[in-house]
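Reading through the structure tokens given below for one structure.
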Amino acid sequence: MRDLSHSLPRWMAALALVASPAFAWAQTAPTPEQMQATRAVTGELLKTLSGKLQASMKENGPAGSITVCKTIAPEIALGLADRTGWKITRVGTRVRNVDLGTPNVWQRKALAHLNADLKSGAKPQTLEWSEVVTENGKPTLHYAKAIVLQPQCIACHGTAAQLAPGVADKLRTEYPHDAATGYAPGQLRGAVVVSRPL
């Protein structure tokens, strides 16, 4: 029988190195459960915002509902962020809220991918894009869920001739740097974006 007394310590040392956290493989893709949870949060934001906006449109009209997107939408996103510990916001292909809606480098990249997929025939309701990146040494999921302009949205996002009465004046007051008009239904308006550790 072979004497392993001299090789055993070396073997144990090698095993310890492989098992140490420094040598652990970084997660390079989200699990199905992580993707499902991420989609659920973006879906909740969009559904809640849509409900608030529709109710306000019936009661206050388009011009009176601009404050819903300005104040209530960020509140919804903040509430979800507090609940999950993730970063959650909305960004636009043309910016209305320069403080909250201006995309960063990754978000611009995501919008470009979403726009290309939309033009290639992807269904708006399933249009998303994600990527796992390393931030502070940890894998982080960046996720973007497309917001595609619906016909009713032209009241606040259409051409100058399509804007509902009072909307242009309200936009000048609420969003002096607004660039989010001139859209047509079916175009990419922006995305809900999530950044979460894996």
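The opening residue of the sequence shown carries number 46 in my numbering; numbering runs sequentially from there.
Glycine residues also receive a C-beta, built at the ideal position from the N, C-alpha and C atoms.
Values in this document were obtained by computation on a predicted structure and should not be read as measured data.
Ranked by Cα distance from Lys97, the options Ser110, Trp151 and Thr76 are led by Ser110. Using a 10 angstroms sphere on the CB of Glu78, the tally of other CB atoms stays under 16, which defines it as exposed. Annotation note: the segment 60-122 contains the following uninterrupted alpha helix (DSSP H) runs of length 4 or greater, listed N- to C-terminal: 77-112. Boundaries of the alpha helix (DSSP H) harbouring Lys164: Val150 to Lys164, taken from the DSSP string. Per the coordinates, the alpha-carbon of Ser165 lies some 12 Å from the alpha-carbon of Gln232. Excluding five sequence positions before and after Leu216, the CB atoms of its chain that fall closer than 6 Å to its own CB belong to Asp223, given in chain order. Of all alpha-carbon atoms in Gln72, Lys190 and Ala206, the one lying nearest the alpha-carbon of Lys92 is that of Lys190. Here DSSP, grouped into helix, strand and coil, assigns Ala205 to coil.
Membership of Thr185 in any alpha helix (DSSP H) is not indicated; the residue belongs instead to the beta strand (DSSP E) covering Lys183 to Val193. A residue is called buried once 16 or more other Cβ atoms fall within 10 Å of its Cβ, and Gln152 is buried on that count. Annotation: Leu123 to Thr129 spans about 10 Å, alpha carbon to alpha carbon. For Thr218, the number of other beta carbons within 10 angstroms of its own is below 16, and it is reported as exposed.
Judged by DSSP in its simplified three-state form, Gly137 adopts strand. Cβ-Cβ distances below 7 Å link Gly211 to Ala108 in the same chain, with the five nearest sequence neighbours on each side left out; the list follows chain order. Judged by beta-carbon spacing, Trp131 lies within the 7 Å limit of Arg241, meaning their Cβ atoms are closer than that value. Excluding its 5 nearest sequence neighbours in each direction, Leu145 has C-beta neighbours in its own chain below 7 Å: Pro119 and Thr134, listed in chain order.
Under a 10 Å Cβ-count criterion, Asn181 is classified as exposed, with fewer than 16 other Cβ atoms of the shown protein chains found around its own Cβ. Here Ala155 has Trp174 and Ala189 as same chain residues with Cβ atoms under 6 Å from its own Cβ, once five neighbours each way along the sequence are excluded. Cβ-Cβ distances below 7 Å link His202 to Leu194, Ala225, Thr226, Tyr228 and Arg234 in the same chain, with the five nearest sequence neighbours on each side left out; the list follows chain order.
One alpha carbon belongs to Val177, the other to Leu90, and they sit about 22 Å apart.
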